[in-house]
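Novice: Just so we're aligned, residue 26 is where the sequence shown starts under the working numbering, counting upward by one. Heads up, the beta-carbon is just placed ideally off N, CA and C, and yes, glycines get one too. Supplied in structure tokens, the structure appears directly below.
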Amino acid sequence: WSPRQLLSNGIEISKLHAADLRMETLRESEEPSTMPTSLAAPFRISLDDARLTKATFVSKGSATEITNIRLRLHGDKVQWQLRDAVASTPWGQLAANGNIGAQRPFKLDANASLSGTPVGAAG
26 WSPRQLLSNG
36 IEISKLHAAD
46 LRMETLRESE
56 EPSTMPTSLA
66 APFRISLDDA
76 RLTKATFVSK
86 GSATEITNIR
96 LRLHGDKVQW
106 QLRDAVASTP
116 WGQLAANGNI
126 GAQRPFKLDA
136 NASLSGTPVG
146 AAG
């Protein structure tokens, strides 16, 4: 991508590949979560080939790993579009596509499927 893209048609990234992501909940909050007022991107974003080898989510000492994550993502001031998303989860192989509006009430149109044998299950 080029910084000049911000002035014209937004950011277009053809490939974004990463090996590991780890997210930990360090402290639980007593306050309920609040809905954001907007999900709008500040400029058009296009990500044509995103891959993450492993994502680990840790909460209360328990870790969940999701692997082989691949997706395409496009967003702007109107909506976000997720296409061809796949991942291996502890519950099976996930596939998903969907759109979500960037403004309240965040209109959602999505479909997802979970199939196959969960990762680590005895065969």
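1) I want to know whether the segment 96-103 touches the segment 70-85 - three or more CB-CB distances under 8 Å.
2) Residues in the same chain with beta-carbon distance under 6 Å from A7, minus the five sequence neighbours each way, listed in chain order, please.
3) Just the Cα atoms here: how many angstroms apart are W105 and E49?
4) How many angstroms separate the CA atom of S113 from the CA atom of I91?
5) Quick check on DSSP: helix, strand or coil for A127?
6) Which word fits G100, buried or exposed, when buried means at least 16 other C-beta atoms lie within 10 angstroms of its C-beta?
7) For A43, I'd like the list of residues in its chain whose CB is within less than 6 Å of its CB, leaving aside the five on either flank, ordered along the chain.
8) To the nearest angstrom, report how far apart Q118 and I36 are at their CA atoms.
9) Going straight from the alpha carbon of D134 to that of T59, what length do you get?
10) Quick one: complete beta strand (DSSP E) runs, 3+ long, within the segment 78-112?
11) Using CA coordinates, which residue listed in K132, L51 and P67 is at the minimum distance from A88?
12) How far does the beta strand (DSSP E) with R47 in it extend, from its first residue to its last?
Specialist: Reading it off the structure:
1) yes
2) With the chain running from 26 to 148 in the structure shown, residue 7 is simply not present.
3) 26 Å
4) For S113 and I91, the distance between alpha carbons rounds to 6 Å.
5) In the structure shown, A127 sits in coil (DSSP, three-state: anything other than H, G, I, E or B).
6) buried
7) L77
8) 30 Å
9) 22 Å
10) The DSSP assignment places 87-100 as complete runs of the beta strand (DSSP E) inside the segment 78-112, in order along the chain (cut-off: 3 residues).
11) Cα-wise, what sits closest to A88 is L51.
12) L41 to E49
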